[in-house]
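Novice: First residue of the sequence shown? That's -5 in this note's numbering, and the numbers climb one at a time after it. All C-beta atoms, glycine included, are put in the ideal place defined by N, C-alpha and C. Encoded as structure tokens, here's the structure I'll be asking about.
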Amino acid sequence: MNDLETILAHAGCTGLSPTGDLVDPIQLSTTFQRGIDGSYPAEYSYTRSGNPTRSSLEDILARLEGGHSACAFASGMAAAAAVFATLPAHSHVVIPDDVYHGVRHLLAEFGTRWGLSYSSADMTSEESILAALTADTKLVWVETPSNPQLQITDLETVGRICRQRGVTWAVDGTWTTPLIQRPLEFGANYVVHSLTKYLSGHSDVLGGAVVSAGADDAERIRSYQTSAGAVLDPFSCWLTMRGLRTLAVRLERQCESAAAIASHLSSHPRVVDVLHPSLVTHVGHQTAKRQMRLYGAMISILVDGGAARALEIVSTTRVFQRATSLGGTESLIEHRRSIEGPASVTPDNLIRMSIGLESSRDLIADLDAALST
Ligand SMILES: Cc1ncc(COP(=O)(O)O)c(C=O)c1O
């Protein structure tokens, strides 16, 4: 098995093209020829159930996470929905207090219609996780660092609890990628990704994936992917593989800049708190140090004043772009609560930043200028 950096550098370059292409071509065909005996000689029949370009991406994702196999979906939320939709009827799900708001919304609006119930737990506390479990709990959903408050969940603790209780658990790996954290090594059953973020890496692809550790889970997710049909299209698969080829250098540089920016902001008089696990003052620093190879490139800050002050700050940046999302080459800044909607539990003085590939000196100067308004 090669190092992850080597797998990444060769993503989408299998060398199997009959015309000798170094980079595999995109295979757009929606359907595939049958043999005269009715068989499918190349194993593919119809792109919703399988496509060579998608298979290529799925194989790489499974190798990167050390899973049995992966299924690529049309978005990160389509991937998350696959995990919830394939639970047994009347399952109870535990989600973090602080979680990507789309996951909470999906369960609140639609999970309940499918017959799922859910409750939230403070995932930084073993007592809180244990208290949230019921006899019907079939899934614990983990996000670490969490979005947007960067709480750190101890993967070893969740792994132990779920093993003892016979509960399946899934980790949203969007903010970390397998280069930073590999949840299947801690016993997780699924890693879910929004490919939209670091993995594709250029803010021009919407995609998602579920990597399953075990064959049975993998088969159920595959069957759901084919039936529900929210598959990732071949062009997006190809673009994601192009992004993967540079992930290691992008992410390393983004994490390095994020740590420098977090350290700078932690002594800024107009910043009440900096939420980044690289800081020794972060309550989850020791856990993060144990389970993360790098501390990630997302930072949230709490500024002095409320929503109006936070909105004023984000309205004046010039290098940081005002937009939601993360993981691209350009740095993004946003007042988080106002995008999360009425159910948001995010503090209204929280500003979330995705650190890109610009010079960290320019980014720090931009933030200093915005904070001094
Ligand atoms: C942690 C996390 N998970 C899932 C998603 C959803 O991904 P997508 O927008 O690709 O559906 C996001 C999107 O911001 C996210 O930040």
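Classify residue 141: buried if its beta carbon has 16 or more other beta carbons within 10 angstroms, exposed otherwise.
Specialist: With 16 or more Cβ atoms within 10 Å of its Cβ, residue 141 is classed as buried.
Novice: When you compare the CB positions of residue 133 and residue 165, do they come within less than 9 Å of one another, or not?
Specialist: Cβ distance not < 9 Å, so residue 133 and residue 165 don't count as in contact.
Novice: Counting only runs of 3+ residues fully inside the stretch 51 to 98, write out the beta strand (DSSP E) ranges in chain order.
Specialist: Here the runs fully enclosed are 63 to 67 and 86 to 90.
Novice: Let's see if you can read the secondary structure: which residues bound the alpha helix (DSSP H) around residue 331?
Specialist: Taken as a continuous stretch (DSSP letters only), the alpha helix (DSSP H) holding residue 331 covers 331 to 334.
Novice: Checking the sheet assignment: what are the DSSP bridge partners for residue 267?
Specialist: 296.
Novice: Give a yes or no on contact between the stretch 343 to 362 and the stretch 317 to 325, applying the rule of three or more CB pairs nearer than 8 Å.
Specialist: Result yes; three or more Cβ-Cβ pairs closer than 8 Å.
Novice: With DSSP run on the structure shown, which of helix, strand or coil describes residue 162?
Specialist: Here residue 162 sits in strand by DSSP.
Novice: Kindly identify the DSSP beta-bridge partner or partners of residue 347.
Specialist: Partner(s): 293 and 327.
Novice: What does DSSP give as the partner residues of residue 137 in its beta bridges?
Specialist: DSSP output for residue 137 lists 166 as bridge partner(s).
Novice: Going by the C-beta, is residue 371 closer than 8 Å to any heavy atom of ligand 1?
Specialist: Outside the displayed range of the chain (-5 to 367) lies residue 371, so it cannot be described from this structure.
Novice: Going by other Cβ atoms of all chains shown within 10 Å of its Cβ, with 16 needed for buried, is residue 356 buried or exposed?
Specialist: It counts as exposed.
Novice: Label residue 191 either buried or exposed according to how many other C-beta atoms from any shown protein chain fall within 10 Å of its C-beta, with 16 as the threshold for buried.
Specialist: With 16 or more Cβ atoms within 10 Å of its Cβ, residue 191 is classed as buried.
Novice: Return yes when at least one heavy atom of ligand 1 lies under 8 Å from the C-beta of residue 319, else no.
Specialist: Flag set: Cβ of residue 319 near ligand 1.
Novice: Can you tell me where the alpha helix (DSSP H) with residue 258 in it begins and where it stops?
Specialist: It spans 241 to 259 - the alpha helix (DSSP H) in which residue 258 sits, taken as one unbroken run.
Novice: I'd like the list of long-range same chain contacts for residue 63, defined as Cβ closer than 7 Å, with 5 residues on each side in sequence excluded.
Specialist: Around residue 63: 52, 56, 206 and 212.
Novice: Report the option in 80, 20 and 169 whose CA atom is closest to the CA atom of residue 245.
Specialist: Closest by alpha carbon: 169.
Novice: Should the stretch 229 to 240 be regarded as contacting the stretch 337 to 344, the criterion being three or more beta carbon pairs within less than 8 Å?
Specialist: With the cut-off at 8 Å, the stretch 229 to 240 and the stretch 337 to 344 do not touch.
Novice: Could you check if residue 30 is buried or exposed, using at least 16 other CB atoms within 10 Å of its CB as the buried criterion?
Specialist: Residue 30 is exposed by the Cβ-count criterion.
Novice: So what does DSSP say about residue 151, is it helix, strand or coil?
Specialist: Helix, per DSSP.
Novice: Is the beta carbon of residue 301 less than 9 Å from the beta carbon of residue 264?
Specialist: Contact: no.
Novice: Between 44, 147 and 298, which lies nearest to residue 167 when the distance is taken from Cα to Cα?
Specialist: The shortest Cα separation from residue 167 among 44, 147 and 298 belongs to 147.
Novice: What do you get for residue 175, buried or exposed, if any count of 16 or more other CB atoms within 10 angstroms of its CB means buried?
Specialist: It is buried - the Cβ of residue 175 has at least 16 other Cβ atoms within 10 Å.
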